[in-house]
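Asker:
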Amino acid sequence: MKFTSPEDFVKSSVLAVQEYTLLSARAVTNLFTGPTYWADVYTQADSIGIGSLPIVILTGFFTGCVLALQSATALSNFGAKNITGQLVSLSMVKELGPVLTSLMVSGRNASGMASELGSMQVTEQIDAMRALGTDPIRKLVTPRIVSTVVMLFFLTIISDAIGTLGGAMVSIFMLGLDGPQYFNIAYQTLMYPDVLQGLVKPVFFGFIIASIGCYFGMKTRGGTQGVGKATTQAVVFSSVLIIVVDFLISRTMIGIFGR
Amino acid sequence: MPETTAIAEQPSPQPQQTGPVVVFEHVSIAFEDNHVLNDISFSVEPGETRIVLGPAGCGKSVLMKLTNGLIKPDTGSIHVFGEDVTKMRERDLYPLRERVGMVFQESALFDSMTVHDNVAFRMMEEGMPEQEIDRRVLESLRFVELEDAVDKFPSELSGGMRRRVAIARAVVSQPELILYDSPTGGLDPITSTTIIELVMKQRDVSHTTSLVVTHRLQDAFTLATHEYDVQAHAMKPIPNKGIDAKTKFLVLNEGKIVFDGSTQELVHSQDPWLREFLS
Numbered sequence: 001m002k003f004t005s006p007e008d009f010v011k012s013s014v015l016a017v018q019e020y021t022l023l024s025a026r027a028v029t030n031l032f033t034g035p036t037y038w039a040d041v042y043t044q045a046d047s048i049g050i051g052s053l054p055i056v057i058l059t060g061f062f063t064g065c066v067l068a069l070q071s072a073t074a075l076s077n078f079g080a081k082n083i084t085g086q087l088v089s090l091s092m093v094k095e096l097g098p099v100l101t102s103l104m105v106s107g108r109n110a111s112g113m114a115s116e117l118g119s120m121q122v123t124e125q126i127d128a129m130r131a132l133g134t135d136p137i138r139k140l141v142t143p144r145i146v147s148t149v150v151m152l153f154f155l156t157i158i159s160d161a162i163g164t165l166g167g168a169m170v171s172i173f174m175l176g177l178d179g180p181q182y183f184n185i186a187y188q189t190l191m192y193p194d195v196l197q198g199l200v201k202p203v204f205f206g207f208i209i210a211s212i213g214c215y216f217g218m219k220t221r222g223g224t225q226g227v228g229k230a231t232t233q234a235v236v237f238s239s240v241l242i243i244v245v246d247f248l249i250s251r252t253m254i255g256i257f258g259r
Numbered sequence: 001m002p003e004t005t006a007i008a009e010q011p012s013p014q015p016q017q018t019g020p021v022v023v024f025e026h027v028s029i030a031f032e033d034n035h036v037l038n039d040i041s042f043s044v045e046p047g048e049t050r051i052v053l054g055p056a057g058c059g060k061s062v063l064m065k066l067t068n069g070l071i072k073p074d075t076g077s078i079h080v081f082g083e084d085v086t087k088m089r090e091r092d093l094y095p096l097r098e099r100v101g102m103v104f105q106e107s108a109l110f111d112s113m114t115v116h117d118n119v120a121f122r123m124m125e126e127g128m129p130e131q132e133i134d135r136r137v138l139e140s141l142r143f144v145e146l147e148d149a150v151d152k153f154p155s156e157l158s159g160g161m162r163r164r165v166a167i168a169r170a171v172v173s174q175p176e177l178i179l180y181d182s183p184t185g186g187l188d189p190i191t192s193t194t195i196i197e198l199v200m201k202q203r204d205v206s207h208t209t210s211l212v213v214t215h216r217l218q219d220a221f222t223l224a225t226h227e228y229d230v231q232a233h234a235m236k237p238i239p240n241k242g243i244d245a246k247t248k249f250l251v252l253n254e255g256k257i258v259f260d261g262s263t264q265e266l267v268h269s270q271d272p273w274l275r276e277f278l279s
C-alpha cells in the first residue's frame, strides 16, 4: 500500500477545494448568462423532487412519531406532557426536517449524480459534449444545482408538515393528548425566525448535495472502480458537509435572531 | 443503393483555409512523471489526411485531444485554423470546435439518447429547425448506411455500428477538420474495412482535412493506396499502384516523432526502428 506524504495530502486537498470552488462558481454564473437548459432543469426537478417524495414522507412521518414518543416520556417527568407539540414542531421545522430530508436526498441524489456524471466521464461522453461545442457544466451541472435547491426547499416543507402530523398521531392515539391542543401549541410556538431558519437551511443543503455530487462525478478517473469511489465520496462528503453547515447556519441565525 | 451517398453527392466544399489547418510547435505534455509527448512539431495542410501511427501508449489519443483543445499542453503552441488553442479560454473554444468533427476511440455516444438525438446533438444545441435537423440526420445516417437505426439506443448497437454513428455525428455538420481517434480500434477486420471505407469516402468526396490515429498498419496503407469510387459506392485500389498524394504519415514512438512525411518516404525509410515497426 502506497502512503501519501503530508505535503502531497495538503496539496491535493487544496487543489480539490480550488477545483470544487471553480466548478461551483462557473455553475452559478452560468445562471446569469444564456443559454439555460430549462428542459434539463425540469427533468432533474422531476427526478430529484418527485422521485425523493416517498422516502422524504416516510422519514418525516416516523421522525415526528419517534420525536413525540421520546419527548412525551421526558416531559411527563416534569408534568409537561401537554407541550409535546411544541417540541415536535420546533425540532422538525428548525433542525430535523431540513437535516434529515437533506441527508435522505443526499443519499439518493448525490450518489446518483456522481455515478451518472462519473460514467459519462470515464466513457468520454463529457469530452464528446465539449467537442460538440456544448459546455458540460452549463448542460449537466447547473440544471442539477437549480433543481436540487428548489425541490429540497419544498421537500423540507412537506417533511416538516408530515413530521408534525406524525407527532400528532402518536400524541393523540398513543399518548392520549388532545388533538386541537397539540396543533395549537405546535403552531403558536413557531416564530418567524424559526420558520426562516428552517427554510434557509435547505437552500444551502440543496446546493451542497448537487455541487458535491457533480464535482465528484466530473472528476471521476479510473473506469467502473472510479465511478464507485466517486459515488461513495459524494455521499460521505455531502452528508458531513450538511451537518457542519447546519451547525454554522444555526449558530449564525441564533446570533442574529436570538432563538 | 443510390441513397447511401446522399452526402457524397453534394457539391464538394473546397477547403477555405489557406495556411496549415493544424500546426503543432514544440508541444510537450506529461501526466505526473509520465512524459507522454515530448517536443512535437508538425503541421497539416488543407485537404490533407494525416495518419498518426505508433505503438499503443505513445500519445496518439493525447495528440488528438490536444488538437481539439480538450487538454492543454505543458509547453508549446497548437494552432487550429490559425488560432492558438493553448491560449484560448474554454468558452472561446466552443465556436472553434463547431468547425471540427471528432470520432472518439470508444465512440463516446450519449447512452441515454437515441441514435437520432446523438447525431442531432450539435444542431439541437444550435436551435436549428426540427425539420432541417431530421433531414440532415437522415442524410448523415445514410452516409454511414445506418438509417434504420435512427430510433435505437447505443446499447442496442454493435461496436461497428456505434463507430459508424460516431462518424455520422462527426460529419453531420460538415466540419472543415475531422479527428478520428482509432476509428477501427477493437473491431474485427471486416468491420474495420467498412469504417476505413467511410473515412476514405469523406476524404475523397468532401476533401475534408483529417487526422486519423491508428495502430493498424493495414488500415493506414489501405487509406494511402485506395480511393473511393462514387459510382460503384465502394473503395478501389488507385490505378497503377498509385498512392494518394494528400495522405501523409506521422509516426510516434515514446512521445517523440520518428517520421513525418509521405507514404513513399515512409516505406523507403532506413530508420531501423521504423523498418521493424512496419515489418
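Protein chains in written order, with our numbering: chain A, 1 to 259; chain D, 1 to 279.
Each residue gets a CB set at the ideal place from its N, CA and C atoms; glycine is no exception.
What you are looking at is a predicted structure, and each value in this text was computed from that prediction instead of being measured.
1. In whole angstroms, give me the CA-to-CA distance for residue 247 of chain A and residue 105 of chain A.
2. Run down chain A in chain order and give the residues with a C-beta less than 9 Å from the C-beta of residue 68 of chain D.
3. Mind pulling the chain A residues with CB within less than 7 Å of residue 98 of chain D?
4. What would DSSP say about residue 337 of chain D, mapped onto helix, strand or coil?
5. Figure out for me which residue from D:234, D:258, D:264 has the closest Cα to the Cα of residue 242 of chain D.
6. Which residue marks the beginning of the alpha helix (DSSP H) containing residue 25 of chain D, and which one marks its end?
7. Please report the straight-line C-alpha distance between residue 31 of chain D and residue 213 of chain D, rounded to a whole angstrom.
8. Evaluate the contact criterion for the stretch 175–188 of chain A versus the stretch 235–244 of chain A: three or more CB pairs, one atom per stretch, below 8 Å.
9. Give me the chain A residues within the contact set of residue 106 of chain D, using Cβ-Cβ distance strictly less than 9 Å, ordered along the chain.
10. Count the other CB atoms within 10 Å of the CB of residue 133 of chain A; is the residue buried (16 or more) or exposed (fewer)?
11. Which one of D:62, D:67, D:36, D:52 has the shortest CA to CA distance from residue 177 of chain D?
12. Taking the straight line between their C-alpha atoms, what separation do you get for residue 216 of chain A and residue 85 of chain D?
13. Quick one: using the 10 Å Cβ neighbour count with 16 as the cut-off for buried, is residue 122 of chain A buried or exposed?
14. Count the other CB atoms, across all protein chains shown, that sit within 10 Å of the CB of residue 18 of chain A; report buried if there are 16 or more and exposed otherwise.
15. Helix or strand or just coil, what does DSSP make of residue 256 of chain A?
16. Using a Cβ-Cβ cutoff of 9 Å, what residues of the stretch 120–146 of chain D are near chain A? List them in chain order.
17. Hey, is residue 110 of chain D's beta-carbon within less than 8 Å of any beta-carbon in chain A?
18. Using DSSP's beta-bridge definition, name the partner residues of residue 213 of chain D.
19. Quick check: the Cα distance between residue 137 of chain D and residue 120 of chain D, rounded to an integer number of angstroms?
20. Just checking my contact of residue 26 of chain A with residue 137 of chain A at CB under 8 Å: how many whole Å lie between their CB atoms?
21. Note the first and the last residue of the continuous alpha helix (DSSP H) segment covering residue 186 of chain A.
22. Please list, in chain order, the residues of the stretch 79–97 of chain D that have any C-beta partner in chain A closer than 9 Å.
23. Would you mind telling me which residues of chain A sit closer than 9 Å to residue 102 of chain D, beta carbon to beta carbon, in chain order?
24. Is the separation between the beta-carbon of residue 67 of chain A and that of residue 198 of chain A shorter than 8 Å?
Answerer: According to the data block:
1. Taken atom to atom, the span from the alpha-carbon of residue 247 of chain A to that of residue 105 of chain A is near 19 Å.
2. 127, 130, 131
3. 133
4. Chain D is shown from 1 up to 279; residue 337 of chain D falls before or after that span and cannot be answered.
5. D:264
6. Note, residue 25 of chain D: premise wrong, no alpha helix (DSSP H); beta strand (DSSP E) at 22–31.
7. 20 Å
8. no
9. 123, 124
10. Burial of residue 133 of chain A is indicated by the presence of at least 16 other C-beta atoms within 10 angstroms of its C-beta.
11. Nearest option by C-alpha distance: D:67.
12. 27 Å
13. buried
14. Classification of residue 18 of chain A: exposed, given that the 10 Å Cβ count is below 16.
15. In the structure shown, residue 256 of chain A adopts helical secondary structure according to DSSP, grouped into three states.
16. 121, 122, 125, 126, 127
17. yes
18. D:52, D:181
19. 6 Å
20. Sure, about 5 Å apart at Cβ, within 8 Å.
21. 179–189
22. 90, 91, 93, 94, 95, 96, 97
23. 127, 128, 131, 132
24. Not closer than 8 Å, so no.
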